[in-house]
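For reference, the structure is listed below as structure tokens.
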């Protein structure tokens, strides 16, 4: 009996928020004169009905895989990093700039490393402040998102702006420096593979490495960890640096694979959706993959559904925001 | 010139301080309200529409909308155990999504809604009524927190949630009430944006002001006067933007200033706290 | 007889642990009724239920001879019940006066009438015969003062039944005497007191009626005059435990721990020796332990087996031969949501693999050795440690720390919340470690434990060493004096 409950609980925890979101979204659709069942059917068809649709879903899931993983790794250490959005954006800008200028076969790896470093630069300060002075990371990372948005917005309209482009964008990255497509003609780049490899690495590292062990214990009970001799400050910093690096890599693959430059509005909130992904996935590797695909499906299907019906894409925000709110509620009364 | 700057600063100050005072009350009860942004947006839309019946009703409706959204958010936090940060971000995403959806599917506009017969806020002694409301609220809240039973209970709930609960105080209801008040004030702040400043509704019009309000009550360490002063500082920067820009300081950088300031203030506070602790321990 | 407050067949379980099982209790008006029992006998759960903070799974609370349902503390308060909890319900950032009136503030119009509040506070304090610095923040006064304010608060709200949960746990003996006097005074003024304790002498000194709880069940209720001390001990413990047992150290060797002016404290622990640290809670024990373990920075020198470890991190101190049993099992000794395995390898995990990767085989063998060797009754090792009973959790900690045979063990409250059998098991293992040649620094609030285990007892008072006495039951009076800062 308890065996079964242990199996069912995590699944229910992930499913219930989606059900609540679909029901609430259903009311919104009904109230505005649409049939929710038709719309949800259309969504499923547009998300998974055919190779092209699946490719498009995976493509939309790719940035979320990175941001979800980046969030999960920090959350796992008990660090409430909501600044992945900032790392993603900064990584995108730096990678796009490097890749646009650099010729040769090394351009892609160098540009990606630069992106990861940019992500690290964004997460390092809040991480250090938290580890050294116990400065509340929720607020600092949230604030850093806005700082980074402003900073990149300024850079892209001043030094890094492409010549001859109407507004706020860096020069186009030359085609040899784009990430290769996986399934031509579909727009699925090899970025998804990088994301999956990273996620697999995270799964092994968190379970089997000593540092991964220390990270888990720090997240579960920091005082316990410190009393057993774990250097919790170091763990916090490591988790923030890894989180920032993955966020930056996410921005890098997005720039090299999809956008091929940096523009103002580069991320439509991938970092924030990544929080929902990590929460739904309970910070586990498999959970992050499933969560990224679900939210990716919503985004990609929502975009095309908008073309076939007169239902605005904004409904997707309503759904994913609702999932986020209900991702962490108590489902059972705990006694 | 200076007078113009002052006037526009005070105009920008009003919605900031209203939302920040709301967030401050919620903070005193022990909840960090990240949902102010969404509540402002909701208040702005409903306020704009209802103001066809007059600015007063419009403002009330905006407050009611914010209050309702605040209540829903608070219930998720207090009764369902949702994380306050996640719930706040989630509500902001849902509300802006819902508003975008309604604009496009019901009002058939893309992003900007011009309301026929929108009734702008009147002027009383050169400023609008919501400005005067804010002016009254700052001392009123300061006084109420110290000298009323409600204020004492609010502080008790924030500082000792379990202890206050063990004394029989309805701590969850107290937090919900604070959440509703925060929503009401944020909703009215939204009304000020649309009825006191812009004159039409745009889905991006709040533009991070909810988060700047958050920055302000962090900066003011949950004290009303200090919070109001922080809002004034941010408002002056905002108003002075155009001028600074002509002198070569880019707007995007000025806009990040409140956020940088918050990080600095939080750090300074944390450093001081940990120094104090070390001294006491040693 | 009317029952002012009571329970009828009350049962309450937390997961697999039965805290209360068909408990029936009748407290008559105008009496001091003591509920006694070992740690974990279910006293606190019962009191929370009587006050309305918790609800029984079955059975009912009885007030004025009528069964009632209390939905929350407000219901209890409305019926004249007041609770003074173990962890005091004081809000630290508020002044004592604010704490006193919180929840039933005297008002004048909208505002709180501070003059009236002040007047009634002074009146209350003088009737109870105490003086209270009303304008101080709760955070800045002693536990004893906070407790007095809490009792006054209950009285002020019209409580005529006071439930006190382990009120003497953190008090010095003189403060205890004062508290007992206050309680008798309250009874004589017609109030009813329910007094929970595991300190039998206090109970015999103040109670009219005594109810004994064991493993969540009522095993006896009698007028206090009907109990001899020995009978009460037997009733509480269930089986006779020899209290005269005191095998002292066989062989005392070189110093393993030398603490030199560590925030004002100097002491030495030799190999083959148990040194006890006594003191009223909050007199610097916790800080001393944290400084030795490395969790709290401090000026002064610490050396371990002759090696200076003053600047070392916790990890390096552990590697140098320090073992640590935390006094706070749930927040520091264990990660309750982590698996048995993860809890068992904590601290030694860096030795269980190569190149930064854990070796699953070595982890498994170490976990099996410790869990078996220390008789931890357990299911799957991947289950969270939360699923173990309190006694087994503590055995896991003891096993984790003793398995390495550390030259120095710092043990704070190693038997806190453990039943009697578990306690004697842990005592045996600690003596074994000592006889094997390790030094042990034992910090405990239980004087009996300290005196029966320690070779020497060092008493702390206000963060300083007040004195030192040899172990053994005959030192009890001397330790009691030193705990108050008096020279014996």
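Residue numbers (the numbering used here), protein chains in the order written: chain F, 1 to 335; chain A, 1001 to 1282; chain P, 2001 to 2488. No residue lacks a Cβ here, since even glycine has one placed at the ideal position from N, Cα and C. Since the structure is predicted, the reported quantities are computational estimates derived from the model, not experimental observations.
Cutoff 7 Å; reference residue 2242/P; Cβ partners in own chain excluding five residues on either side: With a pLDDT of only 46 at residue 2242/P, under the threshold of 50, the placement of this residue in the model should not be trusted, and no figure is reported.
CB contact below 8 Å: residue 13/F versus chain A: Cβ-Cβ to chain A under 8 Å: no for residue 13/F.
Proximal residues to residue 202/F (C-beta, below 7 Å), its chain only, five neighbours per side dropped: Excluding its 5 nearest sequence neighbours in each direction, residue 202/F has C-beta neighbours in its own chain below 7 Å: 69, 73 and 285, listed in chain order.
Beta-carbon separation (whole angstroms), residue 250/F vs residue 66/F, contact threshold 8 Å: Between residue 250/F and residue 66/F the beta-carbon gap is near 3 Å, inside 8 Å, which marks them as a contact.
Distance CB(residue 1014/A)-CB(residue 1195/A) smaller than 8 Å: Contact: no.
Pick from 2328/P, 2075/P, 2029/P and 2233/P that is closest to residue 2065/P, judged by C-alpha positions: In this structure, 2029/P is the residue among 2328/P, 2075/P, 2029/P and 2233/P with its C-alpha nearest to the C-alpha of residue 2065/P.
Interface residues of the segment 2067-2091 of chain P facing chain A [CB-CB below 9 Å]: Answer set for the segment 2067-2091 of chain P: 2072, 2073, 2074, 2075, 2076, 2077, 2078, 2083, 2085, 2087, 2088, 2089, 2090 and 2091.
Spatial neighbours of residue 2244/P in its chain, beta-carbon cut-off 6 Å, leaving aside the 5 residues before and after: Below a pLDDT of 50, predicted positions are generally treated as unreliable, and residue 2244/P, at 49, falls in that range; the measurement from the model is reported next regardless. The beta carbon of residue 2244/P is closer than 6 Å to none in its chain, skipping five residues each way along the sequence.
Whole runs of the alpha helix (DSSP H) within the segment 2057-2118 of chain P, excluding any shorter than 4 residues: Those alpha helix (DSSP H) runs which fall completely within the segment 2057-2118 of chain P and span 4+ residues are 2073-2078 and 2096-2101.
Boundaries (first-last residue) of the alpha helix (DSSP H) holding residue 1139/A: In this chain, the alpha helix (DSSP H) harbouring residue 1139/A covers 1129-1147.
Residue of 42/F, 316/F, 91/F and 31/F minimising C-alpha distance to residue 261/F: Out of 42/F, 316/F, 91/F and 31/F, 91/F has the C-alpha closest to the C-alpha of residue 261/F.
Residue nearest to residue 2260/P in terms of C-alpha spacing, selected from 2478/P, 2465/P and 2222/P: The option with the nearest alpha carbon to residue 2260/P is 2465/P.
CA nearest to the CA of residue 1164/A, picked from 2214/P, 2102/P, 2213/P and 2166/P: When each option's Cα is compared against that of residue 1164/A, the closest is 2102/P.
Residue 2450/P, enclosing alpha helix (DSSP H) - first and last residue: Counting along the chain, the alpha helix (DSSP H) containing residue 2450/P begins and ends at 2447-2453.
Three-state secondary structure assigned by DSSP to residue 1224/A: Residue 1224/A sits in a helix when the DSSP states are folded into three classes.
Among 103/F, 77/F, 192/F and 187/F, the one whose alpha carbon lies nearest that of residue 217/F: When only C-alpha atoms are compared, the closest one is 77/F.
Partner residues on chain A for residue 2103/P, Cβ-Cβ distance less than 7 Å: For residue 2103/P, the C-beta contacts it makes with chain A under 7 Å involve 1167, 1168 and 1169, in order along the chain.
Which of helix, strand or coil DSSP assigns to residue 2137/P: Correct three-state label for residue 2137/P: strand.
Interface partners of residue 1081/A on chain P, CB under 8 Å: Among the residues of chain P, none has a CB under 8 Å from the CB of residue 1081/A; the nearest is roughly 16 Å distant.
8 Å Cβ cutoff, residue 1030/A in contact with chain P: Residue 1030/A does not count as touching chain P.
Proximity of residue 2133/P and residue 2143/P at Cβ, strictly below 8 Å: The Cβ atoms of residue 2133/P and residue 2143/P do not sit closer than 8 Å to each other.
Cut-off 6 Å between Cβ atoms - residues of its own chain near residue 1269/A, not counting five sequence neighbours on either side: In the same chain as residue 1269/A, and ignoring 5 residues on each side of it, no C-beta atom comes closer than 6 Å to its own.
Three-state secondary structure (DSSP) of residue 2020/P: For residue 2020/P, the secondary structure class from DSSP, reduced to helix, strand or coil, is strand.
Presumed contact (8 Å Cβ cut-off) between residue 1044/A and residue 1062/A, rounded CB distance: That belief holds up - the Cβ atoms of residue 1044/A and residue 1062/A are roughly 7 Å apart, short of 8 Å.
Same chain, Cβ closer than 6 Å to residue 2072/P, five either side skipped, listed in chain order: In its chain, beyond the 5 residues on either side, 2052 have a beta carbon closer than 6 Å to the beta carbon of residue 2072/P.
Test item: CB-CB of residue 2026/P and residue 2020/P under 8 Å: Contact: no.
Residue 2214/P: first and last residue of the uninterrupted beta strand (DSSP E) it sits in: It spans 2209-2214 - the beta strand (DSSP E) in which residue 2214/P sits, taken as one unbroken run.
Top-ranked residue by Cα proximity to residue 2138/P, from 2130/P, 2099/P and 2163/P: It is 2099/P whose Cα lies nearest to the Cα of residue 2138/P.
Contact under 8 Å by Cβ, residue 17/F with residue 280/F: Residue 17/F places its beta carbon less than 8 Å from that of residue 280/F.
Sub-8 Å separation of residue 350/F and residue 115/F beta-carbons: As shown, chain F starts at 1 and ends at 335. That puts residue 350/F outside it, with no answer to give.
8 Å Cβ cut-off: residues of chain A touching residue 272/F: Within chain A, the residues near residue 272/F are 1089 and 1093.
Neighbourhood of residue 2063/P by C-beta distance below 7 Å, restricted to the same chain and skipping five residues each side: Contacts found: 2005 and 2079.
Where residue 2415/P sits in the DSSP three-state scheme: In the three-state reduction of the DSSP assignment, residue 2415/P falls in the coil class.
Contacts that residue 226/F makes with chain P (C-beta to C-beta distance below 7 Å): Simply 2295 and 2314.
Given 8 Å, three or more beta-carbon pairs between the segment 204-221 of chain F and the segment 2342-2358 of chain P: Because the criterion of three Cβ pairs below 8 Å is met, the segment 204-221 of chain F and the segment 2342-2358 of chain P touch.
Bridge-paired residues (DSSP) for residue 260/F: DSSP lists no partner for residue 260/F.
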